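Colleague: Using mature numbering (1 follows the signal peptide of the UniProt record, and there is no 0), the letters of the sequence shown correspond one by one to residues -19 to -1, 1 to 114.
In this text, a Cβ means the ideal position worked out from N, Cα and C, and glycines have one as well.
Only a predicted model underlies this, so the values are computations on that prediction, with no experimental measurement involved.
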Amino acid sequence: MKKRLIVISMLFLTGCAGGPVLYPNAHLQRVGEAQAQKDVAECEVLADRYIKSDAGLAAAKSTAIGGAGGAVIGGAAGAVTGNLGRGLGVGAATGAAAGLVHGIIQASEPSPTFKNFMIRCLQERGYEVIGWE
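(1) With a Cβ-Cβ cutoff of 8 Å, do valine 2 and isoleucine 100 count as a contact?
(2) In terms of residues, what are the limits of the alpha helix (DSSP H) holding proline 91?
(3) Rounded to the nearest angstrom, what separates glycine -2 and valine 12 at their Cα positions?
(4) Can you have a look at alanine 40 and say buried or exposed, based on whether 16 or more other CB atoms are within 10 angstroms of its CB?
(5) Would alanine 28 and phenylalanine 98 qualify as a contact pair, given that the criterion is a beta-carbon distance under 8 Å?
(6) When you compare the CB positions of glutamate 109 and tyrosine 4, do they come within less than 8 Å of one another, or not?
(7) Quick one: using the 10 Å Cβ neighbour count with 16 as the cut-off for buried, is leucine 38 buried or exposed?
(8) Taking the alpha helix (DSSP H) that glycine 112 belongs to, which residues open and close that run?
(9) Look at the alpha carbon of arginine 30 and the alpha carbon of lysine 96, and state the distance between them as a whole number of angstroms.
(10) By how many angstroms is the C-alpha of leucine 103 removed from the C-alpha of alanine 17?
Written out as structure tokens, the structure reads:
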């Protein structure tokens, strides 16, 4: 059940990632929104193929850092309340969960290299990218 919740959360958060915002230049007006979305999707496939992603590694690193930090804070709180072991466990679990969420959110945002690839690909097709949502 816990793994299922994590997977659902990851899918939800990665689905929140946006894409390029196109300026309504003459090319976009000529080809239309449907063709523009098709071109964006094709550029995204190319970017996925050529840009190496370390998103999973970054999420794992964030989880580990959060777990270690949480254990330190939980251990300190547990030592004060007289229950060191429980404080360590609760702190580590809480910190790891927070670190995982932080890592997933960061991983859902495309890297600068991915964005640059997308911008260049779309420019070569006649579009003007004015930002990223």
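Modeller: Well, looking at it:
(1) no
(2) Where proline 91 is concerned, there is no enclosing alpha helix (DSSP H), given that its DSSP letter is neither H nor E.
(3) 22 Å
(4) Because alanine 40 sits at a pLDDT of 48, beneath the cut-off of 50, its placement in the model cannot be relied upon, and the following sentence gives the value as read from the coordinates. Answer is buried; the Cβ neighbour count reaches 16.
(5) yes
(6) yes
(7) Low confidence applies to leucine 38: its pLDDT is 46, below 50, so where it sits in the model is not reliable, and the reading given next is rough at best. With fewer than 16 other Cβ atoms within 10 Å, it is exposed.
(8) Segment 110 to 113 is the beta strand (DSSP E) holding glycine 112; no alpha helix (DSSP H) there.
(9) 14 Å
(10) 9 Å
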